[in-house]
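Beneath this line is the structure, given in structure tokens, with notes to follow.
Numbering (the numbering used here), first residue to last: 25 to 350.
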């Protein structure tokens, strides 16, 4: 029985029968694949005390807080579902200069590298990780530890996937891409608005003649670090009232904690990106997070491994502009 948590009635879990193991793994896989839209207080995930034996309720003291999955990158990349295919990658046509990534080894971070050519292949790399569940947690009915560990594992999976995509964006444009626009006497919000207008106009101008259907009515995404969230929200809400400027384009705002400088050497919290989403900003999902399990006889534990495959590329870096704030 599934609710917002992984398993509602842990007492019914039976790891000692093939059918019980199968049901357990299906529940774990379902939980890990679904990024939480809104993680409530950890004790609230258990709904009511009757869901668990009294000893388990009494054992719930303090949980690690797990952030909601960062999916803002999906507003920039066109995500293509290849899970029902047998492909080992996909292709992007006519890439003048761009970036892609590949996994160094399963479980390690992705490596960003440059790509170019009339047809650029993007491979689906394998990413994975594992966690161990002590069978003592089942014996002692400390089910909250299983929930807690699974939630953290899920958060790390989606964080790794997100970081790989943000690194592509961060590496695509120089740190001194678009200067802060406006006059020194203008308000900060006005100057930010003029910078966004300038960046969007530059994207449209640079893509003229490249076969894109880009017009001033296109939808843009401003991707920003959380430190600039309120500031850019203020700039995007400016209206033409005689004393302030106005955003000339259709722009939505997305925020993250994962943007870096172009060298990917450190976090960048003083710049943001104006993005023309989709087109040649492509991401492909080949295999959803898939769970495998086997007993660890030497540790009296159950080892659960998660594996997934995906690939992505910035096929046209001119769809992106890094904007200054000072």
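Using N, Cα and C, we set each Cβ at its ideal position, and we do this for glycine too.
Measuring alpha carbon to alpha carbon, tell me which residue in 308, 301, 325 is nearest residue 224.
301
Coarse secondary structure for residue 97, derived from DSSP in three states
helix
Helix, strand or coil for residue 211 per DSSP?
coil
Residue 138 - partner residues in DSSP beta bridges
123
From residue 107 to residue 206, what does the alpha carbon distance come to, in whole angstroms?
47 Å
Could you give the residue range of the alpha helix (DSSP H) that holds residue 309?
Looking at the DSSP string, residue 309 is not in any alpha helix (DSSP H); the run it does join, the beta strand (DSSP E), is 305-320.
Closest to residue 42 by CA distance: which of 239, 317, 335 is it?
317
Just mark residue 109 as buried or exposed, buried being the case when its beta carbon has 16 or more other beta carbons within 10 Å.
exposed
Could you say which of 322, 344, 305 lies nearest to residue 158 if we only look at CA atoms?
322
Give the secondary structure of residue 348 by DSSP, where H, G and I count as helix, E and B as strand, and everything else as coil.
strand
Could you tell me the boundaries of the beta strand (DSSP E) in which residue 149 lies?
149-158
Which residue's Cα is closest to the Cα of residue 201: 176, 227, 210, 183?
227
For the beta strand (DSSP E) that contains residue 247, what are its first and last residues?
243-249
Suppose contacts are defined by Cβ-Cβ distances below 7 Å. Is residue 123 in contact with residue 138 by that definition?
yes
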